[in-house]
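Data block below; observations after.
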Amino acid sequence: MAVRTEPFVLNMGPVHPSTHGVFRMRVTLDGEVVVDIEPVFGYLHRGIEKLAEQRTYAGIIPLTDRLDYISSMNNNFAYCLAVEKLAGIKVPERAEYIRVIISELQRIAALLIAVGAFLNDCGAFFTPFLYMFRERERIVDLFEMVSGQRLTYNYLRAGGVSQDLPEEFLPALRKFMDMMPRFMDEYDRLLQQNEILIARAKGVGILPAEQAINCSISGPVLRASGVKWDIRKDDPYSIYDRFDFDVPTQPAGDCYDRYRQRVEEMRQSLRIIEQAMKQIPSGPVRAEVPHLIHPPVGEAYGRIECPKGELGFYLVSDNSIAPYRCHIRPPSLINLTALRDMVRGWKVADLIIIFGSIDITVGEIDR
Amino acid sequence: MKFERYGIGIAKGLTVTIRHLLRHPTVNQYPEQRLNISRRFRGNELIWNREKCTGCGTCAKTCPQGAIEIVTATDMAENKYIVDKYEIDTGYCIQCGLCVEACPYEALYFSHNFECARYRRGELVQGKEEMLETPQRKVSGYFYPDKAQKLPGQTLLVEKITEKR
Ligand code: SF4
Ligand code: SF4
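Protein chains in written order, with our numbering: chain A, 1 to 367; chain B, 368 to 532.
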């Protein structure tokens with residue numbers, strides 16, 4: 001007698017430990033094989049784009065903290081770039097260096113969480129995650145020192161940063177920079193050749209380069225598919241053209257490559273911080289900008305390479321104190337568009353790790 | 368998936384885990400062991416200086432949450448404002464610090480304190496009297512570097528040696 005299966009619809013989420021927030025997937029299964037998925041989001045919708053239309057340009061910065069809440073500094077950075085473009089504000093030299101140091105530190109912190117959470121999904125239950133959290137804690141300590149908060153930093157301003165670095169900051173950062181490569185080697189020893197991780201992740205959820213480009217994927221997910229595209233190199237913003245760093249890529253575009261890609265990017269970020277620490281000049285950190293900015297009528301798009309991909313802010317000004325329209329291009333949402341093609345034909349357990357390897361933050365998807 | 372010699376990677380990884388057993392713990396036992404918070408800490412509560420405040424209302428205009436309420440009367444004889452009511456609803460406040468940065472007369476600060484749970488919602492609204500500086504509610508150095516100098520230095524995890532015992 002032939003075994004016959006019927007398609008079965010399973011709801012994953014919104015409250016599920018592996019969905020990294022309140023995210024729901026409607027999965028159609030045939031036995032244990034995924035036939036189709038349909039992402040459902042909106043559980044964390046706060047209307048940030050609409051709220052931004054009623055706030056002053058400075059008052060939007062705390063809102064951007066709450067988009068991708070594990071890389072707030074990068075969100076601040078992208079928004080401030082857009083406002084500076086819109087209003088034609090020039091940023092002092094020291095502030096540019098502070099921004100680069102801070103945003104690269106934030107990239108390391110966010111990638112540590114991304115890698116840790118991915119390994120958690122693979123079944124390395126919390127051991128690597130907590131090791132990586134310990135290093136993130138060191139970075140968050142430094143952020144608390146400069147901005148006074150541990151999660152929603154609200155540190156960057158249009159025209160610079162809110163306050164200068166305290167004098168204890170650079171010595172403490174030096175100590176961090178000395179110990180971080182050692183910890184990175186430790187993670188590699190722990191995981192790089194781990195047979196279980198390789199068996200789970202190698203060859204799983206392959207995203208071909210052509211399809212990644214067609215879906216306008218960006219960030220580590222794109223580079224893991226072998227496409228060399230990094231906004232820091234290809235459309236340099238701020239002062240990134242002054243630093244010497246590589247854009248690593250991986251050949252295969254599977255889950256294991258995405259994990260390796262993130263580790264390589266952390267090493268490159270360390271290189272950038274090292275150079276920025278040597279070159280940082282003294283001077284003012286904030287341009288003379290009024291509390292209420294009235295940019296001329298026009299529009300601007302500021303984009304940066306954030307830990308997840310291209311983060312862009314599109315602002316339209318009507319010469320009032322609040323933007324006429326603020327649109328956010330979140331990398332998490334756009335990277336998610338490839339999920340359906342990546343998971344078709346894999347088992348439910350693979351769906352979890354493929355989803356984990358994309359690294360999304362729901363705060364950014366729903367806005 | 369085929370490996371030449373199975374188990375090498377796992378054994379290597381386990382040496383890392385075992386070495387962690389010999390290290391100092393990173394966590395603290397909170398109520399007994401306390402860490403110093405940042406000198407620029409942006410806590411839950413704001414401190415208001417009655418003498419310095421002129422009632423200009425810049426802080427209320429800057430607040431993105433609309434958490435500050437200020438009512439003033441005009442003192443004709445002295446040609447200045449009298450602050451009748453100054454209230455912050457800390458339940459709405461997101462501790463962004465924009466009001467502290469905006470105050471032109473240096474009359475508003477953050478407090479250097481992080482334990483500020485309340486039993487009732489009504490207690491979250493703080494009026495003029497509750498917002499003054501007291502020995503328990505010290506001023507934080509957020510946006511005022513000279514005030515930060517007087518506070519104890521922050522405990523940093525980078526300075527804590529966890530690797531060798
Ligand atoms: S800290 Fe921010 S939210 Fe709180 S009262 Fe000041 S401006 Fe308003
Ligand atoms: S901005 Fe400063 S001086 Fe003006 S009302 Fe607020 S606290 Fe008082």
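From the three backbone atoms N, C-alpha and C, an ideal C-beta is built for every residue, glycine too.
Secondary structure at B:C483: coil, using DSSP grouped into helix, strand and coil. A check of alpha carbon separations from A:L111 across A:E167, A:V221 and A:I60 identifies A:V221 as the nearest. With a 10 Å radius around the Cβ and a threshold of 16 neighbouring Cβ atoms, A:R4 comes out exposed. Residue side-chain check: B:I435 places its Cβ nearer than 8 Å to a non-hydrogen atom of ligand 1.
In this structure, the straight-line span from the alpha carbon of B:I375 to that of A:N194 is close to 8 Å. For B:G376, the closest Cβ of chain A is nearer than 9 Å. Going by C-alpha positions, A:R367 is about 16 Å away from A:P14. Judged by beta-carbon spacing, B:I437 lies within the 9 Å limit of B:G424, meaning their Cβ atoms are closer than that value.
Remark: the shortest separation between the CB of B:T429 and any heavy atom of ligand 1 falls under 8 Å.
A straight-line Cα-Cα distance of about 22 Å links B:K495 and B:N446.
At a cut-off of 9 Å between beta-carbon atoms, A:N75 makes no contact with chain B. Within the chosen limit of 8 Å, ligand 1 reaches the beta carbon of B:Q462 through at least one heavy atom.
Setting aside the 5 residues that flank it on each side, A:V161 is surrounded in the same chain by A95, I98, R99, Y155, V285 and R286, each with a C-beta closer than 7 Å to its C-beta; the list follows chain order.
A:V83: member of the alpha helix (DSSP H) spanning S72 to A87, first to last residue. With contacts defined by Cβ atoms closer than 9 Å, A:G219 and A:A252 do not form a contacting pair. In the structure shown, the three-state DSSP call for A:H45 is coil. Scanning its chain for C-beta atoms nearer than 7 Å, with the 5 sequence neighbours on each side dropped, one finds around B:C460 the residues Q432 and A434, in chain order. Here A:V27 is buried. Its C-beta has 16 or more other C-beta atoms within 10 Å.
DSSP places B:D456 in the strand class (E or B) of the three-state scheme. Here DSSP, grouped into helix, strand and coil, assigns A:F8 to strand. If you look at A:G21, you'll find it isn't in any alpha helix (DSSP H); DSSP assigns it neither H nor E.
In the DSSP assignment, A:R138 falls within the alpha helix (DSSP H) that extends over T127 to S147. Residues of the same chain with a CB within less than 7 Å of the CB of B:V467, apart from the 5 flanking positions on each side, are L475, Y476, F477, Y509 and F510 in chain order. Taking one beta carbon from each stretch, the stretch 480-491 of chain B and the stretch 167-186 of chain A have fewer than 3 pairs nearer than 8 Å; the two do not touch. Closer than 8 Å to some heavy atom of ligand 1: that does not describe the Cβ of B:V450. Contact of B:G424 with chain A by beta-carbon distance below 8 Å is absent, the smallest such distance being about 13 Å.
Secondary structure of A:P281 (DSSP, three-state): coil. Annotation for A:L315: A82, L86, A300, P323 and C326 place their beta carbon closer than 6 Å to its own, counting only its chain and skipping 5 residues before and after. Closer than 9 Å to the CB of B:L523 there is at least one CB belonging to chain A. Counting along the chain, A:P220 sits inside the alpha helix (DSSP H) bounded by residues P220 to A224.
Of the candidates A:S147, A:I352 and A:E210, A:S147 places its Cα closest to the Cα of B:S507. Put simply, of B:T421, B:Q516 and B:C463 the residue whose alpha carbon is nearest the alpha carbon of B:K452 is B:T421.
Using a CB distance cut-off of 9 Å, A:Q149 counts as an interface residue toward chain B. Taking a C-beta distance under 9 Å as the contact criterion, A:R136 and A:A172 do not qualify as a contact pair.
Not one beta carbon of chain A lies nearer than 9 Å to the beta carbon of B:P519. Within the chosen limit of 8 Å, ligand 1 reaches the beta carbon of B:I455 through at least one heavy atom.
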